[in-house]
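Residue numbers for the sequence shown follow the UniProt record's numbering, beginning at 1 and rising by one. Where a beta carbon is used, it is the ideal one built from N, C-alpha and C, also for glycine. Below: one structure, written as structure tokens.
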Amino acid sequence: MVSKKKSIAKKGLFIIYVGRGKGKTTAAMGLAIRAAGMGLNVYIIQFIKGEWPSGERNFIEAFNIMRQRYKNNKKIKIGRLKILASGRGFVKILGDKKPIGAHKKAARQALELSQQAMLSHKYDVVILDEAISAIETKLIKINDLLKFVRLKPDMVHLVMTGHDAPKSLITKADLVSDVKMVKHPYYQGVLAQRGIDY
């Protein structure tokens with residue numbers, strides 16, 4: 001527990017949601033909504049998802065339209081949410097027939113766009129959804145993400161998601177949540193559910 005006399009430092013956190021369980025993207029999206037609700041501007045880029053329909057992208061599009069109503073409200077300051085699905089879909093699963101080069105090109109572009117957003121001073125929170133999974137599928141290298149973390153401005157919050165984060169990335173993080181799979185409907189023959197999984 002922090003002593004009342006001790007001042008609490010404010011800084012941009014580096015957060016990782018990792019693990020084999022479902023809920024990493026969901027946690028990152030919840031963080032994004034909370035941040036926007038407190039007036040922070042949020043940039044989200046998805047490294048793998050791309051062509052699939054997405055409830056989070058639909059919501060953010062509608063949210064940005066509704067946000068205009070509160071633009072001049074002095075009591076409620078709502079931040080901006082921007083989301084970009086840069087990926088070309090899941091790699092080598094679910095019928096993927098795209099050349100690996102197309103996936104790699106999309107992942108490199110996602111990293112470049114993320115860096116531009118993070119260094120633009122327009123966003124308080126930058127979320128790289130599935131960036132860690134992009135390492136696992138060899139779309140980008142761990143050194144690319146480590147360099148990205150080193151470039152993070154002090155007051156920007158950075159969030160990454162994926163399955164298995166390398167130790168070198170975990171040691172740089174301020175907060176790491178490991179989402180463990182205890183039970184999953186897929187293994188009972190239930191496919192992804194609209195509004196729950198996408």
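Residue i to residue j span [Cα, whole Å]
{"i": "F59", "j": "T161", "result": "20 Å"}
{"i": "G37", "j": "P185", "result": "32 Å"}
{"i": "M155", "j": "F148", "result": "15 Å"}
{"i": "V2", "j": "G12", "result": "Confidence in V2 is poor, its pLDDT being 46 and thus under 50, which makes the residue's placement unreliable; the coordinate value appears in the next sentence. If you take the alpha carbons of V2 and G12, they lie about 19 Å apart."}
{"i": "L31", "j": "I78", "result": "14 Å"}
{"i": "K75", "j": "L145", "result": "38 Å"}
{"i": "E130", "j": "T25", "result": "8 Å"}
{"i": "K82", "j": "E112", "result": "16 Å"}
{"i": "A35", "j": "I44", "result": "12 Å"}
{"i": "K122", "j": "Y187", "result": "42 Å"}
{"i": "E56", "j": "A85", "result": "11 Å"}
Host beta strand (DSSP E) of residue i (start-end)
{"i": "A32", "result": "Here A32 belongs to no beta strand (DSSP E); instead the alpha helix (DSSP H) covers 24-37."}
{"i": "A85", "result": "81-85"}
{"i": "I44", "result": "42-46"}
Per-residue burial, residue i [other beta carbons within 10 Å of its own, 16 or more giving buried]
{"i": "Q46", "result": "buried"}
{"i": "G101", "result": "exposed"}
{"i": "residue 238", "result": "Any question about residue 238 goes unanswered here, given that the chain covers just 1 to 198."}
{"i": "E61", "result": "exposed"}
Bridge partners - residue i, DSSP secondary structure assignment
{"i": "D178", "result": "V18"}
N- and C-terminal bounds of the alpha helix (DSSP H) containing residue i
{"i": "R67", "result": "55-67"}
In chain order, which continuous runs of the beta strand (DSSP E) of length 3 or greater are located wholly inside the region 150-174?
157-162
Where in the region 114-154 do unbroken runs of the beta strand (DSSP E), each at least 3 residues long, occur, reported from the N-terminal end onward?
125-129
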